[in-house]
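Everything on this sheet refers to the single structure shown next.
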Amino acid sequence: MQILWTSWLTVVVLAMYFWNVVTVGKARGKYGVKAPSVEGPEDFQRALRVQANTVEQLVFFFPALWLCALWFSDKTAAIAGVVWVVGRILYALAYLKDPSKRGAGFAVATLASLALWLGAIVGLTGLVH
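Quick note: the sequence shown uses this note's numbering, first residue 4, plus one each step.
Structure, rendered in structure tokens:
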């Protein structure tokens, strides 16, 4: 079984997460926040929260993505994964500017994760195929 689309999407997700890491690193340098401190100006804290929240979301997203790809459909999982990435980027950009505006991106990514989870359940139960 080949899972090409989901594999490529995983590469994209890792690149998006790497962008989060670099953003925090740049903020550490810009604001002089030395590791291991996680306290600093609000702009630094925003970048750090985006990264931390992304890690929190990845814990649910990656298993749901791969279970959906394996048991339901590689292309469907990858498409929902693209929606998740778009949601996470919208979330990050909004949070970095104004945390109160992060809701739409969060909702898009959360709905995509739930769709992946449901796809995995449908595939595992054999209701489709």
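Backbone N, C-alpha and C fix where the C-beta goes; we use that ideal spot for every residue, glycine too. Keep in mind it's a predicted model, so treat the numbers as computed, not measured.
Rounded separation between residue i and residue j - CA only
i: residue 102; j: residue 96; result: 9 Å
i: residue 89; j: residue 61; result: 14 Å
i: residue 107; j: residue 73; result: 29 Å
i: residue 44; j: residue 20; result: 22 Å
i: residue 91; j: residue 130; result: 30 Å
i: residue 71; j: residue 94; result: 24 Å
i: residue 15; j: residue 7; result: 13 Å
i: residue 113; j: residue 98; result: 16 Å
i: residue 37; j: residue 51; result: 13 Å
i: residue 56; j: residue 48; result: 12 Å
i: residue 78; j: residue 119; result: 11 Å
With 16 other Cβ atoms within 10 Å as the buried cut-off, status of residue i
i: residue 75; result: buried
i: residue 81; result: buried
i: residue 41; result: exposed
i: residue 54; result: buried
i: residue 84; result: buried
i: residue 117; result: exposed
i: residue 127; result: exposed
Opening and closing residue of the alpha helix (DSSP H) in which residue i lies
i: residue 7; result: 7-34
i: residue 130; result: Looking at the DSSP string, residue 130 is not in any alpha helix (DSSP H), and its letter there is neither H nor E.
i: residue 66; result: 45-74
i: residue 77; result: 77-100
Closer than 7 Å: residue i CB and nearest the ligand ADP heavy atom
i: residue 23; result: The ligand ADP is not among the ligands present in this structure, which contains no ligands whatsoever.
Practice task
Inspect the CB distances between the region 61-70 and the region 113-131 and report whether three or more fall short of 8 Å.
Solution key: yes
Are the region 4-13 and the region 23-42 touching by the rule of at least three beta carbon pairs closer than 8 Å? no
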